[in-house]
Amino acid sequence: MSLNRSYGAVVVKRRRGNWKILLIKHKEGGHWSFPKGQALEGERVADTIHREVEKETGLLVELDSHYSYRSHYELPDGSPKEVFYYLARPKTDVLSRQVEEIEALNWFGFEEAEETLTYEEDREILEKLYDDLARASLLERAIGIALDAHAGQLDKSGQAYILHPLRVMMSLNDETDRICAVLHDVVEDSDISLGDLRNYEFSMEIVKTVGLLTRREGEDYDDYISRVLLSDRACRVKLMDLKDNMSRTPFDKGNPSYEERITRYKRARNRILARLQTSGGLYD
139 MSLNRSYGAV
149 VVKRRRGNWK
159 ILLIKHKEGG
169 HWSFPKGQAL
179 EGERVADTIH
189 REVEKETGLL
199 VELDSHYSYR
209 SHYELPDGSP
219 KEVFYYLARP
229 KTDVLSRQVE
239 EIEALNWFGF
249 EEAEETLTYE
259 EDREILEKLY
269 DDLARASLLE
279 RAIGIALDAH
289 AGQLDKSGQA
299 YILHPLRVMM
309 SLNDETDRIC
319 AVLHDVVEDS
329 DISLGDLRNY
339 EFSMEIVKTV
349 GLLTRREGED
359 YDDYISRVLL
369 SDRACRVKLM
379 DLKDNMSRTP
389 FDKGNPSYEE
399 RITRYKRARN
409 RILARLQTSG
419 GLYD
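With positions in the sequence shown counted from 1, the corresponding number in this note's numbering is that position plus 138.
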C-alpha cells in the first residue's frame, strides 16, 4: 500500500507566561488533533502547512523549522499514514473554524491538551513539544543572564562583548549547546558562580559544561583545553568560540602577543577537532 502523507503545524502561543496549544475537533470521526492536510500537486511543504492552518483555523502562522515532529500510524483500511508537523506561532489572533470539516477549535494548556487529544501518537508529539519549549525557555533565561553579566563590557574592537557569546551561540545547532555557548564566559568575566547557575535551575550537565569552559585563575592554557576535552559538548562550544575569536583577531594585530595567541588558538583547535573526530561528537 502507498504511504499517505499529510503536513500540519503544532501551533503554540504564550499567555500570561503559560503555553497554549491549538487543537481542532474534526466533524468526521470526532477526534481532536493538530491542524493538518494533504499537499496539492507540486506544492511546497511550508505552503501546504500555511494553507491548511489558515483554512482550518483562520490563523496566519510563522513556522519555526528548528522544531519538527512526525507521527506514523495505520488508517482504518490498513494503509500507512505519516504526518509531518512544524512548530508554529500565530501572526493573527482571531480563530475562524472551517465549518464544513471542523466541529470545534480552542487553545489548551499542556495538561488539558494531553487529556483532550484523541490519539496516543499526538500525545507523544505533545510530550516532545513540552521538552522543546522548556529548553527554549531555558535559552531565553541564559541569554538574559549573559546580557546582565557582560553589560558594559567591550571586546578588543570596541564592540559590546555580549556579541561574542551570541555569535558562538548562533553558530551551534543543538539547544543545550546554545545554552552553554551563551553562558560560556559569564563565570570567568563576572561575579556569577557555577552555584548561581544551578540556582537558576540549569541542569547539572549545563553547569558542568560551563565549568569546563571556564578558565580558572592562573590556569595554564593547555591544561585548560585538556579539561575542555573531557566533554564533547564543551568541545563543540569551544571550537566555535575559537573560530569566532580567530575571526576577530585582525583588530588586535598590533598587540605583541598576537602571533603567540593565534598559535595557541590553532593548537587548541587541532586538539579539539581530533577529539571530536575520534568520539563522533561533531554534527553537521
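Cβ coordinates follow ideal geometry from the N, Cα and C atoms, glycine included.
Annotated as proximal: P218 and N142, with beta-carbon spacing under 8 Å. Contact annotation, A289 with L321: C-beta distance approximately 15 Å; criterion of less than 8 Å not satisfied.
In the structure shown, the three-state DSSP call for D270 is helix.
Per the C-alpha coordinates, the member of D370, N408, L377, H188 positioned closest to V148 is H188. In this structure the segment 299 to 306 does not lie against the segment 234 to 246, because fewer than three pairs of beta carbons, one per stretch, are closer than 8 Å.
Taking 8 Å as the upper bound for CB-CB distance, S369 and T347 are in contact here, some 6 Å apart.
Under the three-pair Cβ rule at 8 Å, the segment 157 to 164 counts as touching the segment 242 to 249. If you ignore the 5 residues before and after S171, its C-beta comes within less than 6 Å of the C-beta of D260, all in its own chain and listed in chain order. In the structure shown, S171 adopts extended strand secondary structure according to DSSP, grouped into three states. Taking a contact as a CB-CB distance under 8 Å, the pair I344 and A287 does not count as one, their CB atoms being some 15 Å apart.
Contact between the segment 261 to 274 and the segment 204 to 215 is established, with three or more Cβ pairs separated by less than 8 Å. Counting only runs of 4 or more residues that sit fully inside the segment 276 to 353, the alpha helix (DSSP H) segments are 301 to 308, 313 to 321, 324 to 327, 332 to 337, 342 to 351, in chain order. Per DSSP, the beta-bridge partners of G146 are K174, Y223. The beta carbon of V325 sits closer than 7 Å to the beta carbons of S331, L332, V348, T352 from its chain, once the five residues preceding and following it are set aside; these are given in chain order. With respect to the 8 Å criterion, M384 and I400 are classified as neighbours on the basis of their beta carbons. In the structure shown, D358 adopts coil according to DSSP, grouped into three states.
Pairing L277 with R374 gives a Cβ-Cβ distance that is not under 8 Å. Nearest neighbour of Y268 by Cα position, chosen from L178, K151, M307, turns out to be K151. In this structure, R405 sits away from L380, with a CB-CB distance that is not shorter than 8 Å. Contact between L233 and T186 does not hold, since their C-beta atoms are separated by about 20 Å, which reaches or exceeds 8 Å. One Cα belongs to L420, the other to V183, and the distance between them is close to 29 Å. Closest in alpha carbon position to L285, among E258, K294, L255, I317, is I317. DSSP, reduced to helix, strand and coil, places L198 outside both helices and strands of the structure shown, so it counts as coil. Burial of G146 is indicated by the presence of at least 16 other C-beta atoms within 10 angstroms of its C-beta.
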